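Offset between the sequence shown (1-based) and my numbering: plus 1.
Let me begin by presenting the structure, written as structure tokens, before commenting on it.
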Amino acid sequence: MSIVEIKVPDIGDFDQVEIIEVLVAVGDTIQAEQSLITVESDKASMEIPASQGGVVKALKVKVGDKVAEGTVILEVEAAEGAAAAPAAETPKAAEPASVEASKAAETPKTVEAPAAPAPAVAPVMASSTPDRTSPTAAFAEADVPLRNLPHASPSVRHFARELGVNLAQVTGSGPKNRITADDIRAYVKQALSTGGASPVGSTLPAGEGFSVLGWPKVDFAKFGEIESKPLSRIKKISGANLHRNWVMIPHVTNNDVADITDLEALRQQLNAENKKAGIKVTMLAFLIKAVVAALKKFPEFNASLDGDNLVLKHYYHIGFAADTPNGLVVPVIRDADKKGVLELANETSELAAQAREGKLSPAQMQGGCFSISSLGGIGGTDFTPIINAPEVAILGVSRSAMQPVWDGTAFQPRLMLPLSLSYDHRVIDGASAARFNAYLAGLLADFRRIIL
Ligand code: CAO
């Protein structure tokens, strides 16, 4: 019997990658090539396998640790003469889908084990785009559009495949919305408890999926000069979320218009008064304040679906969509009900600046109850905002414009703000949505009503 250290092998240019899963425990008997840990870089996750089998005597790493080539993962007690893993074939990356996949394909695979220098076993790579040599092959074969590939480690993908779970239908609860093994278990439990019917959130009848044509494959270069650019990381993640939300939530949008002539006068007055203090109030701060009042009056809008239950929230965290050079993000203002308009204006402008600089932490984008997407600074007359699941409604705001409004005797020039309220029709009826939007428009038309 000899104690052998198993170390992280050469994993290409990855340096100091984070461990997101430890797949074995002290006392386990492991086989050569069995996966030991999963590590994750910005764009890919990878399982590190054992160079040889034996009984795990000591674990030297834990979830959250950063590792690089040579880091000791664990010690195994190997039986005398135990065979190390056979040399792994270099993955045949016929078409590496990402920089990481290409690097993995080029990397010689060696796992260091001083007592018995082991031949290589190959780390298993799962990039956030399909890796055609890895366990994500099923997804590649399934022709899942790249931007919609769910974020999950190889072992979780493997687990999902074993259970026949389509990862695209599972909501990830891990960091960066990563799907965990527990999410798969919860999904399966939910499916079983509904007698095999579609899981919560799915609008599909039991046993049926969408039957749609595959994505058209076109050689664009045949028609003229082209240039191909990878989508940003934010676009890939938000794209997958938007797609799920659009497909799984029955959206309806209620359009209304608010007379903000007096509110705009107040806003300009406030800005003139606070110019020296450097505070700038935009319509967004008033909208957040008014939305909170409307959520208090219509609590089913401040809620989320959980199976057959509606979870009503007694806190008011409001998200707002921020356009950044890398794509859309939704920072969240916590406890907006406890803040005044000036404080809200300060906080939205600070969060928007952080968003544009890519400095928002995940915590600053979590816990939202309701979102506002304001395109008012840009233009447009109305649009259909996509609900930010698991929220049940979102307010889209377009550009205000002077319009002739009939007051009973004459047309008056009034500043009108378009409001587009998308709601989840499973939770909210059309009449409630119309009431919510009309109430909101009334508050914006006469902001004094907010104190009533
Ligand atoms: N009507 C007319 N003018 C408006 C307006 C409206 N509804 N809303 C804002 N404006 C004006 C502002 O008053 C400001 O004008 P001044 O500079 O002359 O005072 C100007 O437009 C720019 O405002 P802003 O956009 O910088 O500030 P904001 O607080 O209104 O919005 C933020 C902040 C972060 C929401 C915004 O910058 C943004 O990113 N919007 C895009 C959101 C988005 O992408 N939504 C789509 C999601 S779905 O793909």
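By construction, the Cβ of each residue, glycine as well, lies at the ideal position given by its N, Cα and C atoms.
No experiment lies behind these values; they were computed from the predicted model shown.
Distance, G377 Cα to L329 Cα: Taking the first residue of the sequence shown as position 1, residue 329 is located at position 328. Taking the first residue of the sequence shown as position 1, residue 377 is located at position 376. Distance between the alpha carbons of L329 and G377 is about 16 Å.
Three-state secondary structure assigned by DSSP to F302: By one-based count along the sequence shown, residue 302 stands at place 301. In this structure, F302 counts as helix in the three-state DSSP scheme.
Reduced DSSP secondary structure (H/G/I, E/B, other) of Y424: Looking up residue 424 in the sequence shown gives position 423. Three-state DSSP puts Y424 in a strand.
Chain-order list of residues whose beta-carbon lies under 7 Å from that of A294 (same chain, five-residue window excluded): Position 293 of the sequence shown, counted from the start, is the residue given in the question as residue 294. Answer for A294: L444 and I451, listed in chain order.
Three-state class that DSSP yields for A143 in the structure shown: Locating residue 143 in the sequence shown gives position 142, where the first residue counts as 1. Any answer about A143 is weak, because its pLDDT of 35 lies below 50 and its placement is not dependable; what the coordinates show is given next. Secondary structure of A143 (DSSP, three-state): coil.
Cross-strand partners of D260 (DSSP beta bridge): Along the sequence shown, read from residue 1 onward, the residue named residue 260 stands at position 259. DSSP, once it has assigned bridges, lists M417 as partnering D260.
beta-carbon F448 near the ligand CAO non-hydrogen atom, thresh 7 Å: For the purposes of this step, residue 448 is taken as the residue at position 447 of the sequence shown. No - the ligand CAO has no heavy atom lying nearer than 7 Å to the Cβ of F448.
Any non-hydrogen atom of the ligand CAO within 7 Å of D456 CB: The structure shown does not extend to residue 456, since the chain is modelled only from 2 to 453, so the question has no answer here.
Inside the segment 289-352 only - beta strand (DSSP E) runs reaching at least 3 residues: 304-307, 310-313, 319-321, 323-325 and 328-330
As assigned by DSSP and simplified to three states, the class of V171: Residue 171 sits at position 170 when you count from the first residue of the sequence shown. Three-state result, V171: coil.
Exposed unless 16 or more other CB atoms sit within 10 angstroms - verdict on M249: Locating residue 249 in the sequence shown gives position 248, where the first residue counts as 1. Its Cβ being crowded by 16 or more others within 10 Å, M249 is buried.
L24 (DSSP reduced to helix, strand or coil): Reading the sequence shown from its first residue, position 23 is the one you call residue 24. Secondary structure at L24: coil, using DSSP grouped into helix, strand and coil.
Counted within 10 angstroms of its Cβ, other Cβ atoms place Q170 as buried (16 or more) or exposed: Against the sequence shown, residue 170 aligns to sequence position 169. Counting Cβ neighbours within 10 Å, Q170 comes out buried, since at least 16 surround it.
Environment of R458 [buried if 16+ CB atoms lie within 10 Å]: Because the chain in this structure spans residues 2 to 453, residue 458 falls outside the shown range and cannot be described.
Those residues which DSSP pairs with G397 across a bridge: Stepping through the sequence shown from its first residue, residue 397 is reached at position 396. Answer is S374 and S421.
Contact the segment 15-30 vs the segment 53-66: 3+ CB pairs below 8 Å: yes
Residues that DSSP places opposite T254 in a beta bridge: By one-based count along the sequence shown, residue 254 stands at place 253. S423.
L271 Cβ short of 7 Å to the ligand CAO heavy atom set: Reading the sequence shown from its first residue, position 270 is the one you call residue 271. Every heavy atom of the ligand CAO is 7 Å or more from the Cβ of L271, so no.
Continuous alpha helix (DSSP H) stretch holding G431: start and end: Counting from 1 along the sequence shown, the entry for residue 431 is found at position 430. Residues G431 to A446.
Buried versus exposed call for Q270 [16 or more other C-beta atoms within 10 Å across all chains shown]: Counting from 1 along the sequence shown, the entry for residue 270 is found at position 269. With fewer than 16 Cβ atoms within 10 Å of its Cβ, Q270 is classed as exposed.
Spatially closest choice to K67 from E34, V9, S36 and L24, by CA coordinates: Translated into the one-based positions of the sequence shown, residue 67 becomes position 66. Considering only alpha carbons, the answer is V9.
Check: A241 C-beta below 7 Å from any heavy atom of the ligand CAO: Along the sequence shown, one-based indexing puts residue 241 at 240. Checking every heavy atom of the ligand CAO against the Cβ of A241, none is found closer than 7 Å.
Cβ-based neighbour list, F253, same chain, cut-off 8 Å, excluding 5 preceding and 5 following: For this step, residue 253 is matched to residue 252 along the sequence shown. Inspection of the sequence shows that residue 253 is occupied by Val rather than by Phe. These residues qualify, in order along the chain: S423, Y424, H426, G431 and A434.
Own chain, CB closer than 7 Å to F412, minus 5 neighbours either side, in chain order: Residue numbering aside, residue 412 sits at position 411 when the sequence shown is read from its first letter. Here the set comprises P405 and V406.
Residue closest to M2, alpha-carbon to alpha-carbon, out of V18, E34 and E78: Position 1 of the sequence shown holds residue 2. That would be E78, whose Cα lies nearest to the Cα of M2.
D324: CB within 7 Å of a non-hydrogen atom of the ligand CAO: The sequence position of residue 324 within the sequence shown is 323, counting from 1. It does: the Cβ of D324 is within 7 Å (strictly closer) of some heavy atom of the ligand CAO.
Three-state class that DSSP yields for F221 in the structure shown: Here residue 221 refers to the residue found at position 220 of the sequence shown. Looking at F221 - three-state DSSP - the assignment turns out to be helix.
The ligand CAO heavy atom lying under 7 Å from the CB of V398: The residue given as residue 398 occupies position 397 in the sequence shown. Flag set: Cβ of V398 near the ligand CAO.
Rounded straight-line distance, which links the Cα of S362 to that of G225: In the sequence shown, the residue the question calls residue 225 occupies position 224. In the sequence shown, the residue the question calls residue 362 occupies position 361. Each residue's Cα considered, the two are about 42 Å apart.
Beta-carbon spacing of E70, E41 below 8 Å: To locate residue 70, count along the sequence shown from 1; it is residue 69. To locate residue 41, count along the sequence shown from 1; it is residue 40. No. Outside cutoff.
Backbone secondary structure at A69 - three-state DSSP: For this step, residue 69 is matched to residue 68 along the sequence shown. A69: coil per DSSP, three-state reduction.
Proximal residues to A439 (C-beta, below 7 Å), its chain only, five neighbours per side dropped: Within the sequence shown, numbered from 1, the residue matching residue 439 stands at position 438. Non-local beta-carbon contacts of A439 in its own chain, meaning distances under 7 Å to residues more than five positions away in sequence, involve D257 in chain order.
Given I373 as reference, the closest of T382, A394 and Q367 once Cα atoms are compared: In the sequence shown, residue 373 corresponds to position 372, counting from 1. When only C-alpha atoms are compared, the closest one is A394.
Beta carbon of F302 nearer than 8 Å to that of F384: To locate residue 302, count along the sequence shown from 1; it is residue 301. To locate residue 384, count along the sequence shown from 1; it is residue 383. Not closer than 8 Å, so no.
heavy atom of the ligand CAO below 7 Å from M417 C-beta: Along the sequence shown, read from residue 1 onward, the residue named residue 417 stands at position 416. False, no ligand heavy atom lies under 7 Å from that Cβ.
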